[in-house]
Amino acid sequence: GGENVYSSEVETALYQHPDIHECAVIGTHDDRLGQLVTAVIVPQPGTDPEANAIIEHCRELIGGYKVPRRVEFVEAMPKNELGKILKNRLRETYSP
4 GGENVYSSEV ETALYQHPDI HECAVIGTHD DRLGQLVTAV IVPQPGTDPE ANAIIEHCRE
64 LIGGYKVPRR VEFVEAMPKN ELGKILKNRL RETYSP
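Per our numbering, numbering of the sequence shown is gapless, rising by one per residue and ending at 99.
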């Protein structure tokens, strides 16, 4: 706990994985750590990525404390009318 994690840095690493179509990184509540790095991912059509493979991929590219501890797969991201991912909606869903 206590480290700053910039979602854009983690998202850049995630987008280098071939099975990721779209992703967003958010902080979600954790009783022990305060917040967990959580990746919400829309897989590429026809792929079925595994959370562990995504985590290992990130471990190779970014610092250990930045690696997502939780991975959630979704069919589509919530977006506004301009196509921007609504991270506040994701936080409401995954960190009530």
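All residues carry an ideal CB built from backbone N, CA and C; glycine is no exception.
Can the beta-carbon of residue i be found less than 8 Å from the beta-carbon of residue j?
i	j	result
Asp22	Thr41	no
Ser10	Ile29	yes
Val13	Ile65	yes
Whose CA, out of the options, lies closest to the CA of residue i?
i	options	result
His24	Val43, Leu85, Glu95, Gly30	Val43
Leu89	Glu53, Cys61, Ala27, Pro52	Ala27
Arg73	Leu85, Gly86, Gln47, Tyr97	Tyr97
Glu63	Glu6, Val8, His20	His20
Arg94	Pro52, Lys69, His32, Val70	His32
Val8	Glu75, Arg35, Lys69	Lys69
Taking just the CA atoms, how far does residue j sit from residue i?
i	j	result
Leu17	Glu78	17 Å
Thr15	Gly37	24 Å
Lys82	Asn91	10 Å
Step through the CB atoms of chain D and report whether any lies within less than 8 Å of the CB of residue i.
i	result
Ile57	In the structure shown, chain D does not exist; there is a single protein chain.
If I'm right that residue i touches residue j with Cβ under 8 Å, what's the distance once you round it to whole angstroms?
i	j	result
Phe76	Pro99	Contact flag wrong, Cβ pair sits at about 19 Å.
>> Extract the residue ranges of the alpha helix (DSSP H) inside the stretch 52-86, only unbroken runs of 4 or more that lie entirely within it.
In response: List check, alpha helix (DSSP H) in window: 54-64.
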